[in-house]
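Q:
In the numbering used here, the protein residues as written are 988 to 1543.
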């Protein structure tokens, strides 16, 4: 707690619009963190899914870290090139997701990498090998010179097996499996994977215990990366086309299409650098604009996140023997059948709840179809919106919302948001055809956003999200958005469930958020696939004790 207080105090003095170079001694005075990733399988075929859960841990105490709110997970090939990247929201120090192994990936060995921006300061990453086979390639690789060095993991690293019992060791197809947990696991964060056991030639995955031993200090000087303490940090730069116009202290706005709540502001530093600290962003497209009367002289760009400095090596390679090739053929057949019935076995996306921009009881919603329609926006404001008026100055129209006292003092601007976009130049809104507008929402109280005070807010929603900001005044950018939260599909064969659909799951169960019932049990069903299956449970107790459990059963 003492180091965390020091950390927050330190950040309060940092100019958030700069990057620093600090010594290792100063860096070590701040609380550090690292990630561990529990994932379902390190041997995958293209067409299958990799499921993962990320645990963010304090480097010193090994407990769940409260610092970073964003983690990154990448799949890196043997040329250290990222072929897939996910951004993951961390809630209560954990996050989860999955990615589809696309058929464009070649057979080979990849590295699964995970990190936070804060971890990049000492180039500390979670790292483990993933072996991918593309069965759709013309020929499978059988290079005798590329054999994997089989490394066995000590069973002493797998602890707490007494915390789990299973009701049987052998099951029939479509049979119910029950896992019974010790009460010690009632509080904490855990993830469960039950998948078909890999061939013995496949190396075992990295355990948390082994990764803990690999976490080392970096003694070199570092470049300072800002931590993402409240959400995603979006960094950009403002450049002036005219040297007489300075780039310092220029205000910018970030808005998102069709999200009236997502209007953020930032100010540039002396170099024109700016940061937006955004939370719960649910889009890959953002709109940036300069809030300045001379904004035509500025160009906005995003500063891409720097590539991972580490170059990954020591890639091991699999020798695909006849037994492994036969296993690949069977699994390829299984997942093709499963994918054909994916429509009835879909995971559910947890809908992102958009918060209200202001108090529900203090706004008025006007549906324009309830009134006589006028051809222009100007006429609509004058004839329909009684608490809104126009002011014209030097050829520029300004929309103003009257306060509760019907004051028409135009000294304060009113905030205009159209289809989620903040509209600084109200003239841009007048170019919209009035018949395209569905509703207008009016909020008449003073509204504080960032460092700006507005006299009221006017939110406009078109029928088909047809408003497009003036490209001269604003610019759209693509960003990496966090992965959506999901509720994963669980196959059931209880009474009344559909039993005629083929079931060739090799991943029988994946639950990144294990929640125990009152009797401390979890149940799932086997599929039509026979063989040996492995149960793997990873997590950390509320007291900070790491949990790693493995068990096996067979399906006949």
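Beta carbons: idealized from backbone N, C-alpha and C, even for Gly.
Per the DSSP calculation, residue 1085 is bridged to which residue(s)?
A: Paired residues: 1038.
Q: State the beta-bridge partners of residue 1115 as determined by DSSP.
A: DSSP output for residue 1115 lists 1099 as bridge partner(s).
Q: Is it buried or exposed, residue 1123, if we count other Cβ atoms within 10 angstroms and call 16 or more buried?
A: The residue is exposed, with fewer than 16 neighbouring Cβ atoms inside 10 Å.
Q: Excluding the five sequence neighbours on either side, which residues of its own chain have a C-beta within less than 6 Å of the C-beta of residue 1072, listed in chain order?
A: So the qualifying residues of the chain are 1061.
Q: Would you identify the three-state DSSP class for residue 1488, choosing helix, strand or coil?
A: Note: residue 1488 maps to coil in three-state DSSP.
Q: Output the distance between the C-alpha atoms of residue 1538 and residue 1526, rounded to the nearest integer angstrom.
A: So the two alpha carbons sit approximately 15 Å from each other.
Q: Threshold first: 3 residues or longer. Then list the beta strand (DSSP E) segments lying entirely within the region 1390–1452, N to C.
A: As far as the region 1390–1452 is concerned, its whole beta strand (DSSP E) runs of at least 3 residues are 1402–1405, 1424–1436 and 1439–1449.
Q: Please tell me whether residue 1413 and residue 1282 are closer than 9 Å, where the distance is taken between their beta carbons.
A: No; because the gap between Cβ atoms is not below 9 Å, this pair is not in contact.
Q: Taking C-alpha atoms, which residue in 1363, 1057, 1151 and 1355 lies nearest to residue 1448?
A: Ranking the options by Cα distance to residue 1448, first place goes to 1355.
Q: Around the C-beta of residue 1109, are 16 or more other C-beta atoms found within 10 angstroms, so that it is buried, or is it exposed?
A: Buried is the call here.
Q: Out of 1393, 1419, 1398 and 1174, which one is the CA nearest neighbour of residue 1405?
A: Considering only alpha carbons, the answer is 1419.
Q: How long is the line joining the alpha carbons of residue 1379 and residue 1398, rounded to whole angstroms?
A: The straight-line gap from Cα to Cα measures roughly 13 Å.
Q: Compute the beta-carbon to beta-carbon distance between residue 1189 and residue 1118, rounded to the nearest angstrom, for a pair I have assumed lies under 8 Å.
A: Indeed, because the Cβ distance is near 7 Å, the residues count as touching under 8 Å.
Q: Does DSSP classify residue 1172 as helix, strand or coil?
A: It is helical.
Q: Roughly how far, in whole angstroms, is the beta-carbon of residue 1279 from the beta-carbon of residue 1237, given that I think they are within contact range, below 8 Å?
A: The pair is a contact, with the Cβ atoms about 6 Å apart (cut-off 8 Å).
Q: Out of 1159, 1506, 1056 and 1167, state which residue places its alpha-carbon closest to the alpha-carbon of residue 1042.
A: Residue 1056 is the option with its Cα nearest to residue 1042.
Q: Given a cut-off of 9 Å, decide if residue 1360 and residue 1391 are closer than it, judged by their beta-carbon atoms.
A: Going by C-beta atoms, residue 1391 is not nearer than 9 Å to residue 1360.
Q: For residue 1451, collect the residues of the same chain with a Cβ closer than 8 Å to its Cβ; drop the 5 residues on either side in sequence, then sort them by chain order.
A: 1423, listed in sequence order.
Q: Cβ atoms of residue 1511 and residue 1477: under 9 Å apart, would you say?
A: Yes; because the gap between Cβ atoms is below 9 Å, this pair is in contact.
Q: Any contact between the region 1215–1234 and the region 1033–1052? By contact I mean 3 or more CB pairs, one from each, below 8 Å.
A: Touching, no.
Q: Taking the beta carbon of residue 1444 as the centre, do at least 16 other beta carbons fall within 10 Å, making it buried, or is it exposed?
A: With 16 or more other Cβ atoms within 10 Å, it is buried.
Q: From residue 931 to residue 1270, what does the alpha carbon distance come to, in whole angstroms?
A: Any answer about residue 931 is impossible in this case: the structure gives the chain only from 988 up to 1543.
Q: Among 1253, 1255, 1221 and 1531, whose alpha-carbon lies nearest the alpha-carbon of residue 1268?
A: Out of 1253, 1255, 1221 and 1531, 1221 has the C-alpha closest to the C-alpha of residue 1268.
Q: Exposed or buried, what is residue 1206 when buried is set at 16 or more other beta-carbons lying within 10 Å of its beta-carbon?
A: Residue confidence is low: residue 1206 scores 47 on pLDDT, short of 50, so the model does not pin down where it sits. Its coordinate-derived value is still stated next. So residue 1206 counts as exposed.
Q: Residues in its own chain within less than 6 Å of residue 1286 by CB, not counting five upstream and five downstream?
A: 1226.
Q: Does residue 1173 pass the burial test, meaning 16 or more other C-beta atoms within 10 Å, or should it be called exposed?
A: Label assigned to residue 1173: exposed.
Q: Residues in its own chain within less than 7 Å of residue 1310 by CB, not counting five upstream and five downstream?
A: Hits under 7 Å: 1186.
Q: Return the Cβ separation of residue 1516 and residue 1315 in integer angstroms, given the expectation that the two are a contact with Cβ distance under 8 Å.
A: That belief does not hold up - the Cβ atoms of residue 1516 and residue 1315 are roughly 14 Å apart, past 8 Å.
Q: According to DSSP, is residue 1150 part of a helix, a strand, or is it coil?
A: The answer is helix: DSSP assigns residue 1150 an H, G or I state.
Q: Is DSSP giving residue 1457 helix, strand or coil here?
A: DSSP places residue 1457 in coil when its eight states are reduced to three.
Q: Please report the residue range of the alpha helix (DSSP H) in which residue 1311 lies.
A: Residue 1311 -> alpha helix (DSSP H) spans 1309–1327.
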